[in-house]
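>
2 protein chains.
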Amino acid sequence: MQETAGAIRTRARAALRRAILDAALDQLATTGADGLSVRQVARQVGLASSAIYRYVPSRDALLTELILAGYDQLGEAAEQAEAGCDRGDLRGRFAATARAVRSWGAAHPHHYALLYGSPVPGYAAPEETAGPASRVPLVLSGILRDAAVAGAPPPPRPGPEPDSGILEPEVLTTVLAGVAPRAATEAVLVWASLFGVVSFELFGHFVGSVADADRFFEAALGSLMDRLALPG
Amino acid sequence: MQETAGAIRTRARAALRRAILDAALDQLATTGADGLSVRQVARQVGLASSAIYRYVPSRDALLTELILAGYDQLGEAAEQAEAGCDRGDLRGRFAATARAVRSWGAAHPHHYALLYGSPVPGYAAPEETAGPASRVPLVLSGILRDAAVAGAPPPPRPGPEPDSGILEPEVLTTVLAGVAPRAATEAVLVWASLFGVVSFELFGHFVGSVADADRFFEAALGSLMDRLALPG
DNA sequence: CCTATTTGTGAGCACTGCTCACCTTATAGG
DNA sequence: CCTATAAGGTGAGCAGTGCTCACAAATAGG
């Protein structure tokens, strides 16, 4: 089996890489992104600090990888929650997705902060995070598209659309196809509002004003769904 | 003038303290909170690094002070913008306040991120930030109270209020006095939505979906004001 | 078997926050 | 006026960080 000779090598490498990432995830959960240290990760894995750089080019790259993993975890949670709903229950699907976001954030506050808090590595998120980052918006837009076909199709008026040009045309023709530009703009606002509410709660901005966070979130949910004109 | 002998000493001390804070503000604006270094601040001010600790107990305390200053700057900007509006123009007052928040954030992204991004020092904001942090919400709630007296007073129904218990009672009886619990809850949601939109824009989450940030913000403004049932 | 590549090591550089002993200076009190 | 005292400033130093590099061991392929 000279074939597996090389294979076992790459497998061991992949396993160690995974161990490094898991250790980094541990550190992130306990100390936060700021406290994450390459040397500490190395200690936890049982390697010299310099050996880490055989697997990860830099601390920032490690953080980027954690960001990617976070978006994937969150997207997975949202997709699963939404998939467990009756397809016709549009409000139920939206609520389940939103609750999944809040639950994941509450369970992994430091990880959530890494995704939606201050952008720590440089100032623009790396290109490769765009894909996983759009999983939650994709779930939400899927609900909206189903709502659009259920409701009255928007009559194509002659002349320029009143709200066209606000969103990227590519978004309006793909993930939000069939949704009127006006409603699509509203949907983006609802999206940002949802994460605004979750962030405010997790980051402590509701201390002193919101007494019952659970009930507030449910009330916010209802309001946001009304905004989207989701039937139910 | 033995009186000024001591006074000049404390004045010099205050001036140096201010210089340290200004240098820290500079650093924050250019490198962000993560890159802010006590030693760099010391170099900029022209002191040994150890001397800084005669004026500021720790790096975290310095950051806390910057947070305080940020809330004050932002609150000041919001108050001034709102004060320049016709008192009867409720929508204009709200829009001016919201635009001031966005403008300040765009002008000081790192400082904004320090306030509304990931909570970096520990996990709970220090007590003393609560005051300055509430300046913007105070402006917004002032508009809502004016709207409440302008509109129909909420009929006090017998039995438990449907939405009572969600917000802190103290908020409902002071800054939001006269506003129905239902509307007050909605107002908190609008507040979080506003900062959610600004944060999403500043933190790059709109890249790929929002094409015209200015127009989107104006559209969002209109929608949020509709939600508050502001007349106009 | 022998070479070449990968993987891991430890020392080391420049930097960080923070403390401490020390020294100077100016204030305040007798 | 003169001196004890307290404040302000310094530099060395500790423990930690990200990261690089020359080197050694282990493993791969020819």
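One line per chain: the protein sequences are R and E, in this order. Following my numbering, the numbering of the first sequence begins with 15 at its first residue and continues without gaps. Following my numbering, the numbering of the second sequence begins with 15 at its first residue and continues without gaps. Glycine is no exception: its CB is placed at the ideal position from the N, C-alpha and C atoms.
Within the 8 Å Cβ cut-off, does Val-224 of chain E reach chain R?
Numbered from 1 along the second sequence, position 210 holds the residue referred to as residue 224 of chain E. Yes - at least one Cβ of chain R is within 8 Å of the one on Val-224 of chain E.
> Are the region 200 to 216 of chain E and the region 227 to 237 of chain R touching, with three or more C-beta to C-beta distances below 8 Å?
In short, these stretches touch, since the Cβ pair count reaches three.
> Would you kindly work out how many angstroms separate the C-alpha atoms of Gly-272 of chain E and Arg-68 of chain R, rounded to a whole number?
Because chain E is modelled from 15 through 246, residue 272 of chain E falls outside the range shown and cannot be assessed.
> Are Pro-176 of chain E and Arg-149 of chain E touching if we call contact CB-CB under 8 Å?
As a first step, residue 176 of chain E must be located in the second sequence, where it is residue number 162. As a first step, residue 149 of chain E must be located in the second sequence, where it is residue number 135. Result no, Cβ atoms of Pro-176 of chain E and Arg-149 of chain E do not sit closer than 8 Å.
> Chain E partners of Leu-181 of chain R, CB-CB under 7 Å?
One-based indexing of the first sequence puts residue 181 of chain R at position 167. Chain E residues near Leu-181 of chain R: Ser-223, Val-224, Ala-225.
> Let me know the secondary structure DSSP gives Val-59 of chain E once reduced to three states.
In the second sequence, counting from the first residue as 1, residue 59 of chain E sits at position 45. Correct three-state label for Val-59 of chain E: helix.
> Could you check whether the Cβ of Glu-200 of chain R sits closer than 8 Å to any Cβ belonging to chain E?
Here residue 200 of chain R corresponds to residue number 186 of the first sequence, with the count starting at 1. Interface residue, yes.
> Less than 8 Å between the C-beta atoms of Ala-83 of chain R and Thr-111 of chain R, yes or no?
Taking the first sequence and counting its residues from 1, the one referred to as residue 83 of chain R is at position 69. Taking the first sequence and counting its residues from 1, the one referred to as residue 111 of chain R is at position 97. Result no, Cβ atoms of Ala-83 of chain R and Thr-111 of chain R do not sit closer than 8 Å.
> Using a Cβ-Cβ distance cut-off of 8 Å, determine whether Ala-121 of chain R contacts chain E.
Indexing the first sequence from 1 puts residue 121 of chain R at position 107. Not one chain E Cβ lies under 8 Å of Ala-121 of chain R.
> Just to confirm my understanding: we take Ile-66 of chain R, look at its own chain, exclude 5 residues before and 5 after, and list those with CB closer than 6 Å. What are they?
The residue labelled residue 66 of chain R in the question sits at position 52 within the first sequence. Here the set comprises Val-52, Ala-56.
> Counting pairs of Cβ atoms below 8 Å between the region 39 to 48 of chain E and the region 123 to 134 of chain E, do you hit three or more?
In short, these stretches touch, since the Cβ pair count reaches three.
> Skipping 5 residues on each side, what residues in its chain have a beta carbon closer than 6 Å to that of Val-193 of chain R?
Counting from 1 along the first sequence, the entry for residue 193 of chain R is found at position 179. So the qualifying residues of the chain are Leu-158, Ala-162.
> Give me the Cα-Cα distance between Ala-21 of chain R and Leu-35 of chain R, rounded to the nearest whole angstrom.
By 1-based counting over the first sequence, the position of residue 21 of chain R is 7. By 1-based counting over the first sequence, the position of residue 35 of chain R is 21. C-alpha separation (whole angstroms): 21 Å.
> Pairing CB atoms from the region 210 to 219 of chain R with CB atoms from the region 102 to 120 of chain R, are three or more of them under 8 Å?
Counting Cβ pairs under 8 Å, three or more are found: they touch.
> Of all the options R:Glu-142, R:Phe-108, R:Leu-77, R:Leu-30, which has the alpha carbon lying nearest to the alpha carbon of Leu-152 of chain R?
Translated into positions along the first sequence, residue 152 of chain R becomes position 138. The option with the nearest alpha carbon to Leu-152 of chain R is R:Phe-108.
> In chain order, which alpha helix (DSSP H) runs of at least 4 residues are fully inside the region 59 to 109 of chain R?
Qualifying alpha helix (DSSP H) stretches, in chain order: 73 to 97.
> Less than 8 Å separating the beta-carbons of Cys-99 of chain R and Gly-89 of chain R?
On the first sequence, position 85 is the one that residue 99 of chain R refers to. On the first sequence, position 75 is the one that residue 89 of chain R refers to. Against a cut-off of 8 Å, the Cβ pair of Gly-89 of chain R and Cys-99 of chain R comes out as no contact.
> Is there a C-beta anywhere in chain R that falls below 8 Å from the one on Ser-117 of chain E?
The residue given as residue 117 of chain E occupies position 103 in the second sequence. No - not a single Cβ of chain R is within 8 Å of the one on Ser-117 of chain E.
> How about Gln-41 of chain E and Leu-50 of chain E: are their beta carbons less than 8 Å apart?
Mapped onto the second sequence, residue 41 of chain E falls at position 27. Mapped onto the second sequence, residue 50 of chain E falls at position 36. Against a cut-off of 8 Å, the Cβ pair of Leu-50 of chain E and Gln-41 of chain E comes out as a contact.
> Identify, in the order they occur along the chain, each residue of the same chain with its Cβ nearer than 6 Å to the Cβ of Ala-33 of chain R, setting aside the five sequence neighbours on each side.
Translated into the one-based positions of the first sequence, residue 33 of chain R becomes position 19. If we look at Ala-33 of chain R and ignore the five residues flanking it on each side, its Cβ neighbours are Val-59.
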